[in-house]
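UniProt numbering applies: residue 1 is where the sequence shown begins, and numbers increase by one. Worksheet: the structure to be examined is printed underneath.
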Amino acid sequence: MTGLRERKKRETRLALSRATIALLVERGWDAVGVEDIAAAANVSERTFRNYFASKAEAVAASHLERALFIVDELRSRPADEPFWQAVISAAKASVTSAPGETRDDAYMERVKLVLAHPSLHAELLRADALAKDEFAAAIADRLGLDVDRDLFPQLAASVVAAGIATAMRHWMLNDPTGSVLPVLDKVFDDIGRGLPVPEGEQWT
């Protein structure tokens, strides 16, 4: 019963987060209130506030959910799959599992405005830190390491998180109406080769 209850709470939390994002993208940050989000999600304002203290926290919840999906996906990969192959597959799955939506140029410009709002930064950083710790724990379990005593789990989690964030930022700035998967492939290929310095660039 507890597992079912927790799953229902997680589903409600994600539904509220997605409703928040959809309204913010459609109307703009300052034009959306808690009452609007509650109405769109068919819940009371009190229910919204039981889950989130702010719009920013609600938006960050979807970011955290996707990051934790990578953790769940890594834990579900075959035990005999090579480590980096499992990590890359988990990262790609987190992108392709997102619900489909129209991504025309105007839509993506509105998304960028939402993500650039100052009140969101702290919540995204908090979500990133939580997800990275969970990812490090999953890496440690997969490799039979200690997440606190061994360096590799935290290092690998940080590198992968930075790689995904870099890929998403590059995609958003350059070709958000296309697929992010080729960008992820390039990022992980560079990481897998020891992050070589591109030709023509030098260490300074």
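Heads up, the beta-carbon is just placed ideally off N, CA and C, and yes, glycines get one too.
When you compare only the Cα positions, how much space is there between R110 and L173? Distance between the alpha carbons of R110 and L173 is about 13 angstroms.
Run through DSSP, which three-state label would R142 get? Here R142 sits in helix by DSSP.
Given a cut-off of 7 angstroms, decide if L120 and A56 are closer than it, judged by their beta-carbon atoms. Going by C-beta atoms, A56 is nearer than 7 angstroms to L120.
Run of the alpha helix (DSSP H) containing P82, from where it starts to where it stops: In the DSSP annotation of this structure, P82 is not part of any alpha helix (DSSP H), being labelled neither H nor E.
Decide if T96 is buried, meaning its Cβ has at least 16 other Cβ atoms within 10 Å, or exposed. So T96 counts as exposed.
Taking the alpha carbon of K92 as the reference point, which residue from G3, R18, F188 has its own alpha carbon closest? Ranking G3, R18, F188 by Cα distance to K92 puts F188 first.
What number of angstroms, rounded off, separates the C-alpha of A138 from the C-alpha of I88? A138 and I88: Cα-Cα distance of roughly 14 angstroms.
Taking contact to mean at least 3 C-beta pairs separated by less than 8 angstroms, is the region 56-72 in contact with the region 2-19? With three or more CB-CB distances shorter than 8 angstroms, the region 56-72 counts as touching the region 2-19.
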